[in-house]
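Student: Everything in the sequence shown is counted per the numbering used here, starting at 10 for the first residue and increasing by one. All residues carry an ideal CB built from backbone N, CA and C; glycine is no exception. The structure's right below; bear with me while I get my questions together.
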Amino acid sequence: MRSLLVIHNQATASEDESDSAAKTLLPEFVLRSCGYAVTIASHEEQAGELIMGADAAVLHLPVSDIHDWGRQLIRKKIVPLLWWCSDSTATLSVEACEDHVMVDGVLTPSMSEQELHWALHFGAKLCFERRQWHLERKQLLSKIEERKWIDMAKGILCEIKKISESEAYDLLRKQAMNERKRIVDVATSIVNVYQLIQDQKRGGSKR
Numbered sequence: 010m011r012s013l014l015v016i017h018n019q020a021t022a023s024e025d026e027s028d029s030a031a032k033t034l035l036p037e038f039v040l041r042s043c044g045y046a047v048t049i050a051s052h053e054e055q056a057g058e059l060i061m062g063a064d065a066a067v068l069h070l071p072v073s074d075i076h077d078w079g080r081q082l083i084r085k086k087i088v089p090l091l092w093w094c095s096d097s098t099a100t101l102s103v104e105a106c107e108d109h110v111m112v113d114g115v116l117t118p119s120m121s122e123q124e125l126h127w128a129l130h131f132g133a134k135l136c137f138e139r140r141q142w143h144l145e146r147k148q149l150l151s152k153i154e155e156r157k158w159i160d161m162a163k164g165i166l167c168e169i170k171k172i173s174e175s176e177a178y179d180l181l182r183k184q185a186m187n188e189r190k191r192i193v194d195v196a197t198s199i200v201n202v203y204q205l206i207q208d209q210k211r212g213g214s215k216r
C-alpha cells in the first residue's frame with residue numbers, strides 16, 4: 010500500500026496554512042515524509058476521480074462527516090478508510106464521540122513510520138474482512154429472498170393441485186430443468202401469474 014488519498018473538508022482544508030510548524034502535522038506532509046504517494050481532495054467530484062488510483066483513503070475530517078464521505082468513496086471503489094485523528098479533528102468530534110463510525114483504523118500525527126505502516130496494513134486487512142462480510146450478508150439475504158418465492162410457489166401448487174410440499178418442490182425442480190431456468194425464476198413466475206389471476210378475479214367480483 011503506497012498510494013493514499015487524503016480527504017479534507019472546509020473545516021480542515023485551510024488548517025493553519027500560515028503556520029509552517031503546524032503544516033508538518035498535516036496528514037499529507039507526514040505520510041509523504043514516510044514515503045507514501047499522496048493526493049489530496051476537498052470535494053466529492055475530485056475525491057471520486059482520485060480514489061480510483063489510491064490504495065486507501067485517509068479522512069482528515071470530524072467524526073460526524075466520516076459516514077457521508079465514506080459512503081461516497083465506497084460507491085467508487087472499496088478501499089480501507091482511516092481516520093486522521095489530529096488536535097483539530099478530535100476537538101471537532103467531541104459531540105460525535107458516541108456515533109457508530111465505520112473506519113478501518115486511526116492514524117495520528119505522532120505515529121512513527123513503522124506505526125503508520127502497521128496501522129495501514131491492519132486497516133487493509135480489516136477492510137477486506139468487512140468487504141467479505143458484506144458480500145456474505147448480501148448472498149444470505151438473496152438466498153432468503155429466493156426461499157421466500159419458492160415457498161410461496163410451493164404453497165400455490167399445493168393449493169391448486171392438492172399435492173404435498175415435497176411434491177410441489179419436485180414439480181418446480183422438474184419445470185426448472187425443462188425450461189433451463191433457476192427454480193427461483195420458475196417460482197417467481199408462478200407467484201406473479203397467480204397474483205395476477207387473483208387480482209383479476211377480485212376486480213371482476215366488484216363489477
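Short check: CB of HIS69 to CB of VAL15, under 9 Å?
Tutor: It is a contact, given that the beta carbons lie within the stated cut-off.
Student: Could you compute how far the alpha carbon of SER51 sits from the alpha carbon of GLY132?
Tutor: If you take the alpha carbons of SER51 and GLY132, they lie about 22 Å apart.
Student: Suppose you measure from the CA of ASP208 to the CA of TRP158; what does that come to, to the nearest Å?
Tutor: The straight-line gap from Cα to Cα measures roughly 18 Å.
Student: Name the residue from ARG80, CYS43, SER121 and THR33 whose alpha carbon lies nearest to the alpha carbon of LEU13.
Tutor: When each option's Cα is compared against that of LEU13, the closest is CYS43.
Student: Mind the definition here: the stretch 179–190 touches the stretch 143–150 only if three or more C-beta pairs lie below 8 Å; say whether that holds.
Tutor: No, the stretch 179–190 does not touch the stretch 143–150.
Student: Over the uninterrupted alpha helix (DSSP H) stretch that includes THR98, give me the two end residues.
Tutor: Taken as a continuous stretch (DSSP letters only), the alpha helix (DSSP H) holding THR98 covers 96–101.
Student: If I measure Cβ to Cβ from GLU188 and keep anything under 7 Å in the same chain, skipping five residues before and after, which residues do I get?
Tutor: Cβ within range, chain order: VAL195.
Student: Just to confirm, are ASP113 and LEU82 a CB contact at a threshold of 9 Å?
Tutor: Not closer than 9 Å, so no.
Student: Exposed or buried, GLU37, counting other C-beta atoms within 10 Å across all chains shown (16 or more means buried)?
Tutor: That one is buried.
Student: Rounded C-beta distance between CYS136 and VAL88? I'm assuming under 8 Å.
Tutor: Indeed, because the Cβ distance is near 7 Å, the residues count as touching under 8 Å.
Student: How long is the line joining the alpha carbons of ILE192 and ALA185, rounded to whole angstroms?
Tutor: One C-alpha to the other measures close to 5 Å.
Student: Here's the rule I'm using: 16 or more other beta-carbon atoms within 10 Å means buried, otherwise exposed. How should ILE206 be labelled?
Tutor: ILE206 should be labelled exposed.
Student: If we require 4 or more residues per run, which alpha helix (DSSP H) segments fall completely within the stretch 57–94?
Tutor: Entirely contained in the stretch 57–94, the alpha helix (DSSP H) runs reaching 4 residues are, in chain order, 72–85.
Student: Whose CA, out of ASP74, LEU35, GLN204 and LEU150, lies closest to the CA of VAL110?
Tutor: The residue with the shortest Cα to Cα distance from VAL110 is ASP74.
Student: Using CA atoms only, rank isn't needed, just tell me which of LEU116, ARG11 and LYS147 is closest to GLY62.
Tutor: Closest option to GLY62, Cα to Cα, is ARG11.
Student: To the nearest angstrom, how far is the alpha carbon of ILE172 from that of GLY164?
Tutor: Straight-line Cα distance between these residues: approximately 10 Å.
Student: Expressed to the nearest angstrom, what Euclidean distance is found between the alpha-carbon atoms of ALA66 and ASP96?
Tutor: Each residue's Cα considered, the two are about 19 Å apart.
Student: Compare the C-alpha of ASP160 against each of SER198, LYS86, LEU35 and ALA46 and name the closest.
Tutor: Considering only alpha carbons, the answer is SER198.
Student: Among all the DSSP beta bridges, which residues are the ones paired with HIS17?
Tutor: According to DSSP, which records beta bridges pairwise, HIS17 is partnered with HIS69.
Student: On a CA-only basis, which of VAL200, GLN123 and MET120 is nearest GLU155? Give me that one, please.
Tutor: Of VAL200, GLN123 and MET120, the residue nearest in Cα terms is VAL200.
Student: Measure the C-alpha to C-alpha separation of HIS76 and ASP64 and round it to an integer number of angstroms.
Tutor: So the two alpha carbons sit approximately 19 Å from each other.
Student: Distance, Cα to Cα, SER121 vs CYS94?
Tutor: Cα to Cα, SER121 sits roughly 14 Å from CYS94.
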